[in-house]
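Notes to accompany the following structure.
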Amino acid sequence: MPEPNYAVELSPPDIEPYRSGDTGVDYVTTFASGIAGPHILVTALTHGNEICGAIALDRLFRAGLRPRRGKLTLAFDNVAAYRNFNPRIPVASRFVDEDFNRLWDPMVLDGPRQSNELARARAVRPFVDAADFLLDIHSMQYATAPLMLTGVLDRSVALARRVGLPELIVCDKGHAAGPRMRDYGGFGEPASAKTALLIEAGQHWQRDTADVATDVTLRFLVAVGSLSEDDAAAIAGPHFAASPTQRVIEVTEAVTITGDKFVFASDFRGLEVLSSRGTLVGRDGDREVRTPYDDCVLIMPSRRLGTGQTAVRLGRFVA
Ligand SMILES: [Zn+2]
6 MPEPNYAVEL
16 SPPDIEPYRS
26 GDTGVDYVTT
36 FASGIAGPHI
46 LVTALTHGNE
56 ICGAIALDRL
66 FRAGLRPRRG
76 KLTLAFDNVA
86 AYRNFNPRIP
96 VASRFVDEDF
106 NRLWDPMVLD
116 GPRQSNELAR
126 ARAVRPFVDA
136 ADFLLDIHSM
146 QYATAPLMLT
156 GVLDRSVALA
166 RRVGLPELIV
176 CDKGHAAGPR
186 MRDYGGFGEP
196 ASAKTALLIE
206 AGQHWQRDTA
216 DVATDVTLRF
226 LVAVGSLSED
236 DAAAIAGPHF
246 AASPTQRVIE
256 VTEAVTITGD
266 KFVFASDFRG
276 LEVLSSRGTL
286 VGRDGDREVR
296 TPYDDCVLIM
306 PSRRLGTGQT
316 AVRLGRFVA
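In structure tokens form, the structure reads like this:
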């Protein structure tokens, strides 16, 4: 398959000013309003090469935004990987040892294993435990429409609708390779009130991705009552005022690679709708992966096609 060669239009911001926040954990800053209210956590750089989130948080810091009630914590997650960012090989800095976003299982976090990412996840964990609402900012390999990944809980879908951006809401299950921060603890429990969203703001290095990340973050902070509309509008970008008719895609399965080699049947980029049931999606070793129903939507086909990884997720429009 030809590899699309995306220009790196975004520059990684200097986040050193945010190293010594007031929390005792590097690159984690909490602002307390002094007024009762929820604790909001916004995280960037869960994947070190997804720099749109760092740009969005940098803009929030520079604007001096403070929560109107409750607390607001802004955290840069995988700073070690981010430090390795090189615009000539921008895919290389996703992580140092392992994916920070596949470690969010108490057995793993409390276990004996060590890695750069585990150390960082353990340091960030108290803030994830303390948060009532979480927005985790990501970006994608291919240039497709932004996606709000809500998980399967109704309250997360409802929050995505209150945020109102982007147009596409994806109710996704997790990855076989390990749970994400967004699904950790109460965020993934039906009986809890803790609510988390994950935004895939666009292609990793396109200019617009940083604007989407910023505007979705601002709308999220308004939706959870942390900022007023006027506070947010002061630094808003081109997407802030948009009100698209949102559509929901339900993910029915993640295609986990079991063979030595996974090859897609076509040069899929994501959000293709394959009209006929049984259409060949790819070959996982000797196994053919075919669409299980008509009008099957391909979600985020991956270019990291190793055993145990998610090759693509399959879903359908439900609303
Ligand atoms: Zn990511």
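All the letters of the sequence shown, read from the start, carry residue numbers 6 to 324 under my numbering.
Here a beta-carbon is modelled for each residue, glycine too, at the ideal position from N, C-alpha and C.
Is Glu277 helix, strand or coil by DSSP?
-> coil
Use the C-beta contact count for Arg130: other C-beta atoms within 10 angstroms, 16 or more gives buried, fewer gives exposed.
-> Flag for Arg130 reads buried.
Short check: CB of Phe138 to CB of Pro22, under 8 angstroms?
-> Cβ atoms of Phe138 and Pro22: not closer than 8 angstroms.
Which residues does DSSP pair with Ile45 in a beta bridge?
-> Leu77 and Phe138
For Met112, is the classification buried or exposed, using 16 other Cβ atoms within 10 angstroms of its Cβ as the cut-off for buried?
-> exposed
For ligand 1, any of its heavy atoms closer than 7 angstroms to the Cβ of His244?
-> no
With a 10 Å radius around its C-beta and 16 neighbouring C-beta atoms as the bar for buried, classify Thr263 as buried or exposed.
-> By the beta-carbon neighbour count (other beta carbons within 10 angstroms, threshold 16), Thr263 is exposed.
With DSSP run on the structure shown, which of helix, strand or coil describes Leu319?
-> strand
Mind checking whether the beta-carbon of His180 lies closer than 7 angstroms to any heavy atom of ligand 2?
-> Within the structure as shown, ligand 2 is missing, the only ligands being ligand 1.
Whole alpha helix (DSSP H) elements within the segment 92 to 148, 4-residue minimum | 111 to 114 and 121 to 135
For Ser144 versus Gly242, is the C-beta distance shorter than 8 angstroms?
-> no
Is the beta carbon of Cys176 sitting closer than 8 angstroms to the one on Val253?
-> yes
Helix, strand or coil: how does DSSP classify Arg160 here?
-> helix
Where do the ends of the beta strand (DSSP E) carrying Gly287 lie?
-> Leu285 to Asp289
Between which two residues does the alpha helix (DSSP H) carrying Leu223 extend?
-> In this chain, the alpha helix (DSSP H) harbouring Leu223 covers Arg212 to Ala228.
Just the Cα atoms here: how many angstroms apart are Val268 and Arg288?
-> Approximately 5 angstroms, taken between the alpha carbons.
In this structure, what does DSSP give as the bridge partners for Gly183?
-> His180
Under three-state DSSP, which class holds Ile254?
-> In the three-state scheme derived from DSSP, where H, G and I count as helix and E and B as strand, Ile254 is classed as strand.
Looking at Glu122 and ligand 1, is the gap between the Cβ and the nearest heavy atom below 7 angstroms?
-> Glu122 Cβ: outside cutoff for every heavy atom of ligand 1.
Indicate whether Asn83 and Leu50 have their beta-carbon atoms separated by less than 8 angstroms.
-> yes
Under 8 angstroms between C-beta atoms of Val4 and Ala316 = Because the chain spans 6 through 324 in this model, residue 4 falls outside it and cannot be assessed.
Proximity test, His44 beta-carbon vs ligand 1 heavy atom, cut-off 7 angstroms | no
Going along the chain, which residues of its own chain have a beta-carbon closer than 6 angstroms to the beta-carbon of Tyr87, five neighbours each way excluded?
-> For Tyr87, where only same-chain residues beyond five positions count, the Cβ hits under 6 angstroms are Leu50 and Gly53.
Helix, strand or coil for Val30 per DSSP?
-> Of the three classes helix, strand and coil, the one that applies to Val30 here is coil, per DSSP.
Quick one: give me the first and last residue of the beta strand (DSSP E) that Glu205 is part of.
-> Unbroken beta strand (DSSP E) run through Glu205: Thr200 to Gln208.
From the DSSP output, in three-state form, read off Leu152 for me.
-> strand
What does DSSP give as the partner residues of Arg295 in its beta bridges?
-> Leu285
With a CB to CB cut of under 6 angstroms and the five nearest residues on each side skipped, what residues in its chain are close to Leu232?
-> These residues qualify, in order along the chain: Leu226.
Cα-Cα separation between Arg160 and Ala198, rounded to whole angstroms | 8 angstroms
State the CB to CB distance for the pair Leu154 and His244, rounded to an integer number of angstroms; the pair is presumed to be in contact (CB under 8 angstroms).
-> About 18 angstroms; that fails the 8 angstroms criterion.
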